[in-house]
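Which chain is which? The protein sequence lines are A and B, in order. Using this note's numbering, the first residue of the first sequence is number 259, and each one after it goes up by one. Using this note's numbering, the first residue of the second sequence is number 422, and each one after it goes up by one. Let me begin by presenting the structure, written as structure tokens, before commenting on it.
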Amino acid sequence: RPVPTPADESGEVVAWLTQYGYLPLADPVTGQLQTWEAVTSAIRVMQRFAGIPETGIPDDATLALIRMPRCSLPDVLPEKLPERKN
Amino acid sequence: GRPGPKRRKSRGRRSAGLAWTKRNISWKVKTYPREARLSRETIRALTHYALKVWSEAAPLTFHEVGGPSADVSVEFLRLDHQDGYPFDGPGGMVAHAFFPGDPQRAGHVHFDSDEDWTFRSPGDYGTDLFAVAVHEFGHSLGLAHSPSKRSIMRPYYQGPVGDPLQYQLQADDRVDIQRLYGSRVLHSTEKPEASSLLPDPPSLPRDFPALRSEKEFPDRCSSSLDAVAQIRGETFFFKGQYFWRLTHGRHLTSLRPALSAAFWRGLPRSLGKVDAVYERHTDHRILFFSGPLYWVFKDNGVEEGYPRPVTDFGLPQGGVDAAFSWPHDRKTYFFKGGLQWSYDEAAGRMDEGSPTPTALGGQLPTPVDDMLSGSDGEVYAFKGRQYWKLEWHSLKLEPGYPRSIARDWLDCTGELSPPPSAPTGAKLQPDWRGPPLEVERCVCPS
């Protein structure tokens, strides 16, 4: 069963991953949170794209990258999001 | 499939935003940062060079426009500016640009006005405008972000990328842009310009090209001409990279010549000279010929798909010496050496029997520099610093010629300096042609 994302420590990460296309937007109707598995997977994709070790956790290298100045456009364009399996 | 390194080699991976169907793209800096250490001229120059990076890799030309509409419009905005990508003050998001496939926002390029935009500044200070601009224009042309650490399309700002005059795309970026637009074929390979548009660092400001010193221009009173044309009733005299313009009343609009590539938008700045120019009577397009290529202009903007080889007309690959459109028979005449071609503009083909020995043979020195058909159908031939007038119906020489071009057309009075004699070692006249236009020799498939 998916575990909800701990909001307190990962809000910045989730917002960033969502903004740049690694995570789909949380459902605004149900207010459903992202699952931690989805966030972990998105972090891995982001780490792979950035060329840093794929740890799947927001380690120092990942947080440093998240705080770097950058272009506002998403890295993963909406139509390229991985399909979610039911 | 999932995005990531496994897809890196897939074809078209980074062409996410479609591409421009046109190849001649206008640009404009619409707004500037309120408080910036960079001058407006520097920002414009950096924009020019950032676009040039892409046009050196693909058959694209960019030209700055003054009017309100431009294909690529650059703006410095702050915080929420109502496009769904709000800026966030210094750091964080520094810029974004919309893909050509975006129906409403294609060509919009936004920089965060709150960043400390810099140029030629140490890497850890400010945000280098040129580096970011090259990246954003990549989006404007259809490229998405790249995971490659060496790519300019990497999403993270990684500091300055070096001298804008020397900067070249990495191989990956070059391949990606060429997947969208093809490679530079039959287009000039513009090299860094001899005189930079970029000002020196702030402590040593230098003028924009419009303010070049007088001695850099050809002297209208002692120069021969490369081409002469009557366009919309005005007369244009071309020399090297410059031209003089005479109004309907035959008054010079300026004693100092204007830079051709700055006025005729889309003409390469590296074009050393034009051989012939004429206004086509069928549709009033203006045609420029230089070596093996020709350009077609609507007003002062180049049409899509140009330059093209002069062989389109059935002319020799080496180009022409002169051309003029003759209202008398509604034909266009091309001259090369001792030969002339008669081209039927309405039919779009060369007349049978062309080329023939020129009708000017024996009357005038050949080759002429150019020919001109005046407002009343009269014909002039120009050679060196002199011109001849020909009877409009017979093309026979009128008496009293040759006369001085400088005195009769270019408002020169008094004692005119003698024509330069043959060079004897030292170069007597500066070469106004600029660097030669380099053209890749190839067969055009279409």
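Cβ atoms here follow ideal geometry from the backbone N, Cα and C, with glycine treated the same way.
Residue i vs residue j beta-carbon contact at 8 Å
i	j	result
residue 480 of chain B	residue 588 of chain B	no
residue 578 of chain B	residue 328 of chain A	yes
residue 755 of chain B	residue 741 of chain B	yes
residue 268 of chain A	residue 297 of chain A	yes
residue 711 of chain B	residue 695 of chain B	yes
residue 464 of chain B	residue 550 of chain B	yes
residue 439 of chain B	residue 521 of chain B	yes
residue 746 of chain B	residue 799 of chain B	no
residue 646 of chain B	residue 791 of chain B	yes
residue 594 of chain B	residue 572 of chain B	yes
residue 478 of chain B	residue 564 of chain B	no
residue 373 of chain B	residue 553 of chain B	There is simply no residue 373 of chain B to check, as chain B begins at 422 and stops at 867 in what is shown.
Residue i: contacting residues in chain A (beta-carbon distance under 9 Å)
i	result
residue 515 of chain B	327, 328, 329, 330
residue 548 of chain B	327
residue 568 of chain B	306, 307, 308, 309, 333
residue 560 of chain B	329, 331
residue 512 of chain B	325, 326, 327
Range covered by the alpha helix (DSSP H) that runs through residue i
i	result
residue 307 of chain A	294-308
residue 557 of chain B	550-561
residue 810 of chain B	Counting along the chain, residue 810 of chain B falls outside any alpha helix (DSSP H), though it belongs to the beta strand (DSSP E) covering 807-811.
residue 760 of chain B	Segment 760-765 is the beta strand (DSSP E) holding residue 760 of chain B; no alpha helix (DSSP H) there.
residue 684 of chain B	681-684
residue 602 of chain B	592-602
residue 793 of chain B	Counting along the chain, residue 793 of chain B falls outside any alpha helix (DSSP H), though it belongs to the beta strand (DSSP E) covering 791-794.
Rounded C-alpha distance that separates residue i from residue j
i	j	result
residue 703 of chain B	residue 537 of chain B	53 Å
residue 640 of chain B	residue 823 of chain B	21 Å
residue 616 of chain B	residue 586 of chain B	Bear in mind that a pLDDT of 42 at residue 616 of chain B, under 50, signals an unreliable position, so the number given afterwards is only what the model happens to contain. Cα to Cα, the separation comes out at about 10 Å.
residue 535 of chain B	residue 547 of chain B	11 Å
residue 332 of chain A	residue 311 of chain A	21 Å
residue 513 of chain B	residue 724 of chain B	40 Å
residue 764 of chain B	residue 455 of chain B	55 Å
residue 502 of chain B	residue 705 of chain B	43 Å
residue 295 of chain A	residue 532 of chain B	35 Å
residue 828 of chain B	residue 820 of chain B	18 Å
residue 689 of chain B	residue 283 of chain A	47 Å
residue 857 of chain B	residue 715 of chain B	Any answer about residue 857 of chain B is weak, because its pLDDT of 43 lies below 50 and its placement is not dependable; what the coordinates show is given next. Computed Cα separation, rounded: 15 Å.
residue 541 of chain B	residue 581 of chain B	8 Å
residue 313 of chain A	residue 498 of chain B	37 Å
residue 576 of chain B	residue 309 of chain A	12 Å
residue 643 of chain B	residue 806 of chain B	7 Å
residue 785 of chain B	residue 691 of chain B	32 Å
residue 305 of chain A	residue 569 of chain B	12 Å
residue 709 of chain B	residue 494 of chain B	28 Å
residue 672 of chain B	residue 832 of chain B	8 Å
residue 651 of chain B	residue 796 of chain B	8 Å
residue 814 of chain B	residue 448 of chain B	46 Å
residue 488 of chain B	residue 450 of chain B	11 Å
residue 660 of chain B	residue 506 of chain B	48 Å
residue 680 of chain B	residue 276 of chain A	50 Å
residue 567 of chain B	residue 315 of chain A	22 Å
residue 720 of chain B	residue 707 of chain B	7 Å
residue 738 of chain B	residue 592 of chain B	32 Å
residue 834 of chain B	residue 683 of chain B	29 Å
residue 801 of chain B	residue 458 of chain B	53 Å
Chain-ordered chain A contacts of residue i [CB-CB under 7 Å]
i	result
residue 556 of chain B	329
residue 578 of chain B	326, 327, 328
residue 506 of chain B	330
Start-to-end residues for the beta strand (DSSP E) that takes in residue i
i	result
residue 828 of chain B	Careful: residue 828 of chain B lies outside any beta strand (DSSP E), inside the alpha helix (DSSP H) at 826-829.
residue 714 of chain B	714-719
residue 517 of chain B	514-518
residue 711 of chain B	707-711
residue 757 of chain B	752-757
residue 666 of chain B	663-667
residue 648 of chain B	648-652
residue 450 of chain B	445-450
residue 474 of chain B	That residue, residue 474 of chain B, is in no beta strand (DSSP E); its alpha helix (DSSP H) goes 461-476.
residue 656 of chain B	655-660
residue 376 of chain B	An answer regarding residue 376 of chain B cannot be provided, because it is not within the stretch 422 to 867 covered by chain B.
Option in the options with minimal Cα separation from residue i
i	options	result
residue 452 of chain B	B:446, B:779, B:748, B:461	B:461
residue 773 of chain B	B:722, B:734, B:557	B:734
residue 515 of chain B	A:336, A:334, A:326, A:335	A:326
residue 698 of chain B	B:526, B:487, B:597, B:794	B:794
residue 743 of chain B	B:737, B:757, B:731	B:757
residue 518 of chain B	B:504, B:510, B:509, B:511	B:504
residue 484 of chain B	B:583, B:685, B:730, B:817	B:685
residue 767 of chain B	B:750, B:583, B:775, B:809	B:750
Under 9 Å by beta carbon: chain B residues contacting residue i
i	result
residue 323 of chain A	577
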